[in-house]
Amino acid sequence: MRKWLFLTILIVLATSCTPMYVWRSTPQVEIKANDIFDVELEPISIIKNQYNGFRLKINNRTRHDLELNWDKTLYLDKDMTNGGVMFEGILYKERNAQKSPDIIFASSTFEKKIFPNNLVEFAGNHWIHRPLPGGYQGVYLTIVSNGKEIHEKVTVHISIHKHQ
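Now the structure itself:
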């Protein structure tokens with residue numbers, strides 16, 4: 320009985336002394352707009368208290384379809400491109416392969432959760448999403464409208480705080 324009590328106390332002390340980190344975003348949702356589309360970018364958590372990816376929302380303001388070119392849409396880490404992005408339906412091991420574009424229909428809204436390719440790694444026997452680092456994080460979008468590429472840089476500032 321004493322052995323279990325000692326182990327319980329040891330576990331409680333060890334976990335209470337370990338600092339927890341909390342990710343914060345400024346702004347919580349970044350919104351950019353142009354004559355063709357509006358875009359919203361919001362960091363999301365798949366692991367408690369850590370940002371691992373983004374919710375990307377694009378509103379087509381035109382009366383014609385737009386094309387989201389995933390092969391030219393890049394993850395931004397501190398204002399530098401750092402690989403592409405992946406999303407549901409993409410196998411982890413094929414995350415760097417070519418991706419079909421998505422169509423954003425006329426006068427409609429498109430939404431998808433995306434994750435930086437370079438923050439995914441195989442650990443042990445499964446794939447994991449590492450957390451977004453601190454600093455300016457986001458995407459460099461490539462949208463095709465009437466055959467013309469439109470680029471939009473959308474970032475948020477991620478800060479990581481120690482929380483005990």
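Under our numbering, the residues of the sequence shown are numbered 320 to 483, in order.
Where is the CB? At the ideal position from N, CA and C, for every residue including glycine.
The structure displayed is predicted, hence computed values, not measured ones.
Query raised in the report: Since Asp384 contacts Tyr455 with CB under 8 Å, what's their CB separation in whole angstroms?
Result: In the sequence shown, residue 384 corresponds to position 65, counting from 1. In the sequence shown, residue 455 corresponds to position 136, counting from 1. 31 Å between Cβ atoms; not a contact.
Report task. Write down every uninterrupted run of the beta strand (DSSP E) in the region 394 to 418 whose length is 3 residues or greater and which is fully enclosed by it, in chain order. Result -> 404 to 406
**Report entry** Where Asn379 falls: helix, strand or coil (DSSP)
**Finding:** Stepping through the sequence shown from its first residue, residue 379 is reached at position 60. Looking at Asn379 - three-state DSSP - the assignment turns out to be strand.
Query raised in the report: How would you label Leu451, buried or exposed, when you count the other beta carbons within 10 angstroms and need 16 or more for buried?
Result: Position 132 of the sequence shown, counting from 1, holds the residue named residue 451. By the neighbour-count rule (16 or more Cβ atoms within 10 Å), Leu451 is buried.
**Report entry** Unbroken beta strand (DSSP E) run spanning Pro435, endpoints
**Finding:** To locate residue 435, count along the sequence shown from 1; it is residue 116. That run of the beta strand (DSSP E) goes Thr428 to Pro435.
Requested in this report: Could you check the C-alpha separation between Lys472 and Gly372 for me, to the nearest Å?
Outcome: Residue 472 sits at position 153 when you count from the first residue of the sequence shown. Residue 372 sits at position 53 when you count from the first residue of the sequence shown. Rounded to the nearest angstrom, the two C-alpha atoms are 16 Å apart.
Query raised in the report: Is the CB-CB distance between Phe424 and Asn379 below 8 Å?
Result: Locating residue 424 in the sequence shown gives position 105, counting from the first residue. Locating residue 379 in the sequence shown gives position 60, counting from the first residue. Contact flag set, yes.
Requested in this report: Over the uninterrupted beta strand (DSSP E) stretch that includes Val458, give me the two end residues.
Outcome: To locate residue 458, count along the sequence shown from 1; it is residue 139. Counting along the chain, the beta strand (DSSP E) containing Val458 begins and ends at Gly454 to Ser464.
Query - Spatial distance of Phe434 from Ile447 (CA atoms) - result: For this step, residue 434 is matched to residue 115 along the sequence shown. For this step, residue 447 is matched to residue 128 along the sequence shown. In a straight line, the C-alpha of Phe434 is about 11 Å away from that of Ile447.
Query - Local conformation of Leu385 per DSSP, three classes - result: As a first step, residue 385 must be located in the sequence shown, where it is residue number 66. DSSP places Leu385 in strand when its eight states are reduced to three.
Query raised in the report: Who are the near neighbours of His470 in its chain, counting only those whose CB is closer than 7 Å to its CB and skipping five residues on each side?
Result: Within the sequence shown, the letter at position 151 stands for residue 470. So the qualifying residues of the chain are Tyr459, Leu460 and Thr461.
Query raised in the report: From what residue to what residue does the beta strand (DSSP E) around Asp351 run?
Result: The sequence position of residue 351 within the sequence shown is 32, counting from 1. For the sequence presented, residue 351 should be read as Lys rather than Asp. Glu349 to Ala352 is the span of the beta strand (DSSP E), which, as asked, contains Lys351.
Query raised in the report: So, helix, strand or coil for Ile479, using DSSP?
Result: Within the sequence shown, numbered from 1, the residue matching residue 479 stands at position 160. DSSP places Ile479 in strand when its eight states are reduced to three.
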